[in-house]
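In my numbering, the protein residues as written are 374 to 870. By construction, the Cβ of each residue, glycine as well, lies at the ideal position given by its N, Cα and C atoms. Everything numeric in this text was worked out from a predicted model, so none of it was measured. First up is the structure itself, then whatever we jot down about it.
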RNA sequence: UCCUCGGUAGCUCAGUGGCAGAGCAGUUGACUGUUAAUCAAUUGGUCGUAGGUUCGAAUCCUACCCGGGGAGCCA
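Now the structure itself:
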C-alpha cells in the first residue's frame with residue numbers, strides 16, 4: 374500500500390492506494406475519482422478499456438465517500454490536483470457509501486457542526502487538524518529541548534480555586550468535585566520538585582460565552598519555572614511562540630495554502646521582536662488622539678469598501694440575467710459573499726463609535742474589554758505583551774511590584790484580532806503576603822494550605838503562564854472561530870456529536 | 001443574563017396577504033480529459049412549535065423552542 378503523500382517517489386510505477394472517494398465525475402467510458410487517503414488528495418482516472426468488466430462496474434457505482442482500493446500507474450499531470458494522477462488498472466470497492474450529506478457545495482454552520490464527525494474529512498478541516506498537530510508537536514519539542522518535564526495536573530478538583538469563573542460541578546462519590554479551570558497551582562508544586570515543568574491538558578469553564586473565541590472545554594499548556602522572574606517568563610513565552618510559528622511555516626506549508634492563510638504575516642512574527650509595554654502605556658495608547666484618528670480612518674475605509682461592494686453587486690446582478698449557468702452560480706456565490714461582508718461592515722460601523730468612546734474614556738484600573746483589545750491590536754502586526762497590571766483586577770497569587778499597586782502579570786495578545794493567547798505572571802512567593810491576599814479575596818485559607826506549604830518549605834521566586842491551544846490554532850490557521858480548531862468542540866449548546 | 005439577526009425540500013436559499021419555488025444532492029439516461037464536469041428527464045414539503053387576526057397566512061400579531069453574531073467573562 375502506498376500513501377498519496379508519497380506519490381512523487383513512485384512516478385511511472387504501479388501502486389495501490391486505499392482510501393475514500395472525495396469527489397466523483399464520469400464521462401461516458403471515463404471515470405474520474407478524486408481520492409483521499411488521509412495523507413492527501415489525488416485524481417484516479419479509470420478508462421473502460423483499461424480495466425476488467427468487474428472493475429468498471431465497481432468504478433461506475435462509486436459515490437462520494439465510498440471506500441475503495443485502486444491499483445494503477447502514477448503519472449505526472451499538470452491538470453490533476455496535486456500534480457500527479459493514477460491511470461487505473463484495477464478498482465476494488467470496499468463499500469459503496471450511502472448518500473453523503475456534505476456535498477461539494479457550501480453548507481451552514483449548524484449543519485456542519487451536527488455532522489462534525491464527517492466534516493472532519495473535508496479539506497479545510499483536515500488542514501486545520503494537521504496544523505493543530507504540528508503546534509502540539511512543536512510545543513513538546515520546544516519544552517523537551519529545554520529540559521522541561523511534562524507533568525499532569527488533576528482534572529477533578531475539590532474546590533473552586535480562584536473563585537472568579539463558573540466551573541462545572543460533578544458528583545464525586547457524594548462529594549462535590551469541579552472540573553479544573555487551570556492546573557497552575559499544581560504546576561507550582563511540580564516546579565518546586567522538578568524546576569522546569571509544563572502541563573498539557575484539557576481545562577473547563579462553565580461560562581455562558583457564545584463567541585468565536587470561547588469553548589467550554591479547551592486545551593491549555595502551562596509551563597511553570599522555579600527561579601524565573603517576570604522578564605524571563607516573557608522571554609520564554611516569546612521564544613515558544615516563535616518556535617511554534619516557525620515549525621508551522623516550515624512543515625505545514627501545504628495546509629496553510631489549503632486554509633488560504635497569508636504566511637507573510639506569520640513570517641514577521643518569527644523574525645521581529647514582540648511589542649512589550651506596561652498596562653499604563655497601553656492605556657495611554659487607547660486614550661490617544663492617534664487611536665481616535667485611526668478609528669475615524671477605519672470607519673471611512675469601511676464606508677468606502679461598502680460603496681465599492683454595492684457597485685460591484687449592482688454590476689454583476691445585471692450580468693446575471695444573460696449569464697451561463699456556471700457563471701450564474703459564481704455570481705450568486707459572490708453576491709452571498711458581498712452581502713456577508715456588507716453585514717460585517719455595517720456591524721463595524723455601528724461598533725466603531727462605541728469602540729472610540731470606550732477607548733477614549735478608558736479609566737486606569739479597569740480590565741480591557743474585547744473592543745479595547747481589538748483597538749490596541751489594530752496598531753501592531755506582531756504579538757503584544759502587556760505587563761504590570763492593576764493588582765485589583767488580577768488573581769491573588771500574582772506577585773506585586775515595589776509600589777504594591779501593580780501585579781507582575783503578563784498577557785500576550787495575538788495580532789489580527791485573535792485576542793489573548795497567553796496569560797501569566799510571576800507568582801507571590803512570600804508566605805505572609807499570600808495569606809493576606811487570600812484573606813482579602815475572602816477565599817477559604819484551609820483549602821489553600823497545601824499551596825501555602827510551597828511558601829513554607831524553600832520558597833523561591835517563580836513564574837509561569839498558560840497558552841490557549843485552540844486560540845493559537847485559530848490564529849495560525851486564520852480561522853474565524855475556535856470551533857474549527859479541535860475535532861469535537863464543546864461549547865454552550867453543543868454536546869453532540 | 002442582555003442586545004441583534006435568522007429558522008421554507010437532504011443542503012444553500014428565493015418567495016412580505018391569493019396555486020409551495022430555484023440551484024445543488026438523489027434517481028434514470030447521454031457523453032473518452034473531467035476539475036463544484038456538462039446536458040436531458042425526474043423524485044422530494046409538518047414553511048421551527050403553539051395560539052391568534054383574516055374569506056384566505058410561509059407572509060401580519062403573541063408566546064415559546066432552536067441556531068448565528070456580539071456584550072459580560074476569559075485562554
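By the criterion of a C-beta distance shorter than 7 Å, residue 477 is surrounded in its chain by 396, once the five residues flanking it on both sides are discounted. Per DSSP, residue 619 is one residue of the alpha helix (DSSP H) stretching across 603 to 624.
Spatial neighbours of residue 420 in its own chain (CB-CB distance under 6 Å, excluding positions within 5 residues in sequence) are listed in chain order as 403.
The shortest C-alpha to C-alpha distance from residue 564 to any of 578, 596, 589 and 577 is the one to 596. The shortest CA-to-CA distance from residue 839 to any of 799, 804, 794 and 618 is the one to 794.
Within the same chain, and ignoring the five residues on either side of residue 664 in sequence, the residues whose Cβ sits closer than 7 Å to its Cβ are 658, 732 and 748. For residue 419, the enclosing beta strand (DSSP E) stretches over residues 414 to 420. Inclusion of residue 394 and residue 438 in the CB contact set at 8 Å is warranted, their separation being smaller than that value. By the Cβ test, the segment 480 to 493 is not in contact with the segment 609 to 622, since fewer than three Cβ pairs between them sit closer than 8 Å. Pairing residue 503 with residue 623 gives a Cβ-Cβ distance that is not under 8 Å. In this structure, residue 588 sits near residue 855, with a CB-CB distance shorter than 8 Å. Comparing C-alpha distances from residue 836 to each of 776, 547, 805 and 568 shows the shortest one belongs to 568.
Between residue 431 and residue 466, the beta carbon gap of about 4 Å places them in contact (Cβ cut-off 8 Å).
In the three-state scheme derived from DSSP, where H, G and I count as helix and E and B as strand, residue 554 is classed as coil. For residue 860, the number of other beta carbons within 10 angstroms of its own is below 16, and it is reported as exposed. The beta-bridge partner set that DSSP reports for residue 549 consists of 544.
Annotation: residue 825 to residue 516 spans about 27 Å, alpha carbon to alpha carbon. Closest in C-alpha terms to residue 389, from the list 423, 400, 435 and 441, comes 441. Leaving aside the five residues that flank residue 734 on each side, none in its chain has a CB nearer than 6 Å to its CB. In this structure, the beta-carbon distance from residue 417 to residue 406 falls below 8 Å.
Looking at the backbone, the Cα of residue 808 and that of residue 818 are separated by about 8 Å. Annotation: the continuous beta strand (DSSP E) that includes residue 396 extends over 387 to 400. In this structure, residue 668 places its C-beta atom within 8 Å of the C-beta atom of residue 728. The Cβ atoms of residue 772 and residue 801 sit closer than 8 Å to each other. Rounded to whole angstroms, the Cβ separation of residue 810 and residue 769 is 4 Å, and the two are in contact under 8 Å. At a Cβ-Cβ threshold of 8 Å, residue 487 and residue 475 do not count as neighbours. Annotated three-state conformation of residue 599 is strand, per DSSP.
If you check the CB distance, residue 652 and residue 788 do not come in under 8 Å.
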